[in-house]
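What follows is one structure encoded as structure tokens, with my remarks underneath.
Protein chains: 2
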Amino acid sequence: MRSVTIKDIARAADVSISTVSRTLNGSSAVAEAKRARVLAAAAQLGYEPNVAAQGLVRGRSMTIGVLTQDIASPFYNEVARGIDVGFAGSGYQPIFVNGHWQIQDESAAITALTRRQVDGLIILGGRLGDGQLRDLHARFPLVLVGRRVAGLEAACLSVDNVQGAFLATSHLIQLGHRRIGHITGVSSQRDAVDRLEGYRLALAEAGLDFDSRLVFEGDFNESAGIQAVEHWLGQGAALSAIFAANDQMAYGARLGLYRRGIRVPDDISLIGFDDLPASQFTLPPLTSVHQPLFEMGEQAARRVLRRLQAPDLPLEPPELPLTLSVRESVRYARPMSH
Amino acid sequence: MRSVTIKDIARAADVSISTVSRTLNGSSAVAEAKRARVLAAAAQLGYEPNVAAQGLVRGRSMTIGVLTQDIASPFYNEVARGIDVGFAGSGYQPIFVNGHWQIQDESAAITALTRRQVDGLIILGGRLGDGQLRDLHARFPLVLVGRRVAGLEAACLSVDNVQGAFLATSHLIQLGHRRIGHITGVSSQRDAVDRLEGYRLALAEAGLDFDSRLVFEGDFNESAGIQAVEHWLGQGAALSAIFAANDQMAYGARLGLYRRGIRVPDDISLIGFDDLPASQFTLPPLTSVHQPLFEMGEQAARRVLRRLQAPDLPLEPPELPLTLSVRESVRYARPMSH
DNA sequence: TTGTAGGCGTTATCAT
DNA sequence: ATGATAACGCCTACAA
Chain U
30 MRSVTIKDIA
40 RAADVSISTV
50 SRTLNGSSAV
60 AEAKRARVLA
70 AAAQLGYEPN
80 VAAQGLVRGR
90 SMTIGVLTQD
100 IASPFYNEVA
110 RGIDVGFAGS
120 GYQPIFVNGH
130 WQIQDESAAI
140 TALTRRQVDG
150 LIILGGRLGD
160 GQLRDLHARF
170 PLVLVGRRVA
180 GLEAACLSVD
190 NVQGAFLATS
200 HLIQLGHRRI
210 GHITGVSSQR
220 DAVDRLEGYR
230 LALAEAGLDF
240 DSRLVFEGDF
250 NESAGIQAVE
260 HWLGQGAALS
270 AIFAANDQMA
280 YGARLGLYRR
290 GIRVPDDISL
300 IGFDDLPASQ
310 FTLPPLTSVH
320 QPLFEMGEQA
330 ARRVLRRLQA
340 PDLPLEPPEL
350 PLTLSVRESV
360 RYARPMSH
Chain B
30 MRSVTIKDIA
40 RAADVSISTV
50 SRTLNGSSAV
60 AEAKRARVLA
70 AAAQLGYEPN
80 VAAQGLVRGR
90 SMTIGVLTQD
100 IASPFYNEVA
110 RGIDVGFAGS
120 GYQPIFVNGH
130 WQIQDESAAI
140 TALTRRQVDG
150 LIILGGRLGD
160 GQLRDLHARF
170 PLVLVGRRVA
180 GLEAACLSVD
190 NVQGAFLATS
200 HLIQLGHRRI
210 GHITGVSSQR
220 DAVDRLEGYR
230 LALAEAGLDF
240 DSRLVFEGDF
250 NESAGIQAVE
260 HWLGQGAALS
270 AIFAANDQMA
280 YGARLGLYRR
290 GIRVPDDISL
300 IGFDDLPASQ
310 FTLPPLTSVH
320 QPLFEMGEQA
330 ARRVLRRLQA
340 PDLPLEPPEL
350 PLTLSVRESV
360 RYARPMSH
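Quick mapping for you: the protein sequence lines, in order, are chains U and B.
Going by this note's numbering, the first sequence opens with residue 30, and the numbers climb by one from there.
Going by this note's numbering, the second sequence opens with residue 30, and the numbers climb by one from there.
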């Protein structure tokens, strides 16, 4: 069941393969009569061009590699959706590979992409070293989402995590909260560190002491939120609000509190980070620092596209505004009971 | 910046390109000395085979097309994760395209895959006609997830939606619920219809009347859940439990009830379908009919792989057991107040 | 064991 | 305007 090739069309339309190629991609004029015959034959035979063969001769595969960490995480999905939309209609196909937050997997994934001759690369998060990223940047049109690499500023798409955390924490402080717990992300990741920093900054600005007992090191998963709550409650920590470094941990915290009979926001206020679409539908709807994940994905796609078309035009670092989506999971602190 | 080819290696190792090819994929014996030289040169030059070129000559692209409907939906993501795992280490790369539940988009997506010479196809849901699917099945190793097509039984991976809905509804009935609302999925989709059927069956078996006012037609999105609740409450419908045709609508319903001050499960019990990972972390954790989404994805991958290796070996339709994940969103019905 | 040569499907450069 | 023909990177008879 060989697939039909331009050779078949040439035979059917009684022209040379070059004529077929020319009419099919309009690279130069073809006599109207032959043109019609070719088109008819192509349609009749159900011809589909072989992208791999085209890529081989043109030197472009028309595919863009996307290195994501966890194909199933709601976080990466929003970005992926943006990427998908960003490439729609461009002729380029994003191809997603998983890094699983493991440097070996990430390297293997990059290799897989390289072998497929991807024309560009989008990397979401991950642990690849700055040096390695710079190498890749030298070889491909590259866009990095959620990372900041020195020297690659124009290729980086990321929000100001410090400011975001500052926003969230300040909001709680303004509502009268004084003892605010923070569940961090993986401490080896820059965004997690930055969010912790923003939290500290907000406390400092309000003249509140930083209490390390109110900081729990999580890993960005739901279960870490549960553990944080267990931890705090277990040692009788007094707190009236929690700021989680991402929404998923906030969900976990909410569940942990619920299991202990503690209500959000009645007893404890809760803020997340990311503002995943699901956060509007949780109970109560979660207040969260809104990252424009979809837009970041879309931007990333548009940027590699631009680099592909105009490799030399400089790109300026984009505006990626952060806002706080205020919902029912926070309320005024009750007067301190002690 | 041309990438290095076997020709480069041949020159560096002072052998012919066929020798290079042979050592690289061990297709036939090569003198140890040359072998070593080739390997060294390849490593030294950082050679990466061009998969497209290999595919061109071998006639296999080593890619599998996956037609998904909504890359961002938590439902498809679980399946996608399974697919990813299923192909891991096989050398085959899944490439995901979006159908958006639009038949045109789906066709366009299939075309995009065809042009890339995919070696196999996995189709998740969608609206493609049975005839079209049969055509595709004739051309590719094909696995269908979430659909049942006559004549393609062995290629279909889907659960018994009637039974699942029956399970859920019966559970509520056993807990004493008599007025159970049902939020359906898109009525043009088979699984939605089947779930409604299971709901009816359970009512019938328990000798309960089917009341069409307790059925609200949704669309599988969260907002439909909210609308259903608004609808029922607006017209003063009396019900003590709700069975939603998927988890996402259950989330919406829960939120709608919350906004009206109605508690789950205190006032109304709630059951979903799918048992998305997130459902364990919602408040309260949602009771739901568990579909083995991840396993379905993994199975799908394994099956195309099998077909690729042993095209003729018959595959039997797999066992895909459904269970009810019972969590806090349901409780005994309170004695009827009228 | 090794190299030469032909071909996979397509585009692009030549003459014509 | 059109048709040979040479690549693109790789594999695999076929010869040697």
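Positions of the beta carbon are idealized from the N, C-alpha and C atoms, including for glycine.
Annotated three-state conformation of U:Leu337 is helix, per DSSP. Counting C-beta atoms within 10 angstroms of its own C-beta, U:Tyr361 has fewer than 16 neighbours from the protein chains shown and is therefore classed as exposed. Neighbours of U:Gln122 in chain B, taken as residues whose beta carbon is under 8 Å from its own, are Ile124, Val126, Ala141 and Arg145 in chain order.
A direct Cα-to-Cα measurement between B:Glu234 and B:Ser354 gives close to 22 Å.
Annotation: the continuous beta strand (DSSP E) that includes U:Ala270 extends over Ala270 to Ala273. Sequence-distant Cβ neighbours of U:Asp189 in its own chain, meaning closer than 7 Å and more than five residues away, are Leu351.
By the Cβ criterion, the region 263–275 of chain U is in contact with the region 197–211 of chain U, since at least three pairs of Cβ atoms, one from each stretch, lie closer than 8 Å. Near chain U, meaning a CB-to-CB distance below 9 Å, the residues of the region 301–335 of chain B are Pro306, Ala307, Gln309, Phe310, Thr311, Leu312, Pro313, Pro314 and Phe323. The residue from B:Asn127, B:Pro123, B:Leu342 and B:Ala117 with its alpha-carbon nearest to that of U:Gly111 is B:Asn127.
By the neighbour-count criterion, in which 16 or more other beta carbons inside 10 Å mark a residue as buried, B:Pro313 falls on the buried side. Going by DSSP, B:His211 is part of no alpha helix (DSSP H) but of the beta strand (DSSP E) stretching over Ile209 to Thr213.
At least 8 Å separates the CB of U:Pro294 from every CB of chain B. In summary, B:Ala62 is exposed, with fewer than 16 beta-carbon neighbours lying within 10 Å of its beta-carbon over all protein chains present. Here U:Glu357 is not bridged, per DSSP, to any residue. Closest option to U:Leu230, judged by alpha-carbon separation, among U:Ile202, U:Pro306 and U:Thr140: U:Ile202.
For B:Ser298, no CB of chain U lies under 8 Å from its own CB, so it is not counted at the interface with that chain.
Judged by their CB atoms, B:Ser317 and B:Asp303 are nearer to each other than the 8 Å cut-off. The beta carbons of B:Leu299 and B:Val244 sit about 16 Å from each other, so the pair does not count as a contact at 8 Å. Listed in chain order, the positions of the region 202–235 of chain U with a beta carbon within less than 7 Å of a beta carbon of chain B would be empty, since no residue qualifies. Between U:Gly180 and chain B, the shortest Cβ-Cβ separation is not below 8 Å. Here B:Arg145 is buried, its C-beta having at least 16 other C-beta atoms within 10 Å. Looking from the CA of U:Leu315, the closest CA among U:Ser47, U:Ile291 and U:Pro306 belongs to U:Pro306. In this structure, the alpha-carbon of U:Pro321 lies about 10 Å from that of U:Glu327. For B:Val86, the three-state secondary structure derived from DSSP is helix. Taking B:Gly301 as reference, the option from B:Gly236, B:Arg331 and B:Arg224 with the minimal CA-CA separation is B:Arg224. Residues of chain B whose Cβ lies closer than 8 Å to the Cβ of U:Tyr287 are, in chain order, Leu312 and Pro313.
Distance between U:Phe239 and U:Arg163, taken at the CA atoms: about 37 Å. Contact between the region 90–100 of chain B and the region 115–126 of chain B is present: three or more C-beta pairs spanning the two stretches fall below 8 Å.
In chain order, Ile100 and Asn127 make up the part of chain U whose C-beta sits under 7 Å from the C-beta of B:Asp113.
Counting the other Cβ atoms within 10 Å of the Cβ of U:Asp341 gives fewer than 16, which makes it exposed.
Of the candidates B:Phe116, B:Glu246, B:Gly115 and B:Arg177, B:Glu246 places its Cα closest to the Cα of B:Ser216. In this structure, U:Ala183 sits away from U:Leu349, with a CB-CB distance that is not shorter than 8 Å. A distance of 8 Å or more separates the beta carbons of B:Ile139 and B:Ala329. Using a Cβ distance threshold of 8 Å, B:Leu268 and B:Arg208 count as a contacting pair. The straight-line gap separating the alpha-carbon atoms of B:Arg176 and U:Ser241 is approximately 53 Å. In chain B, no part has a C-beta under 9 Å from the C-beta of U:Leu171; the shortest such distance is about 14 Å.
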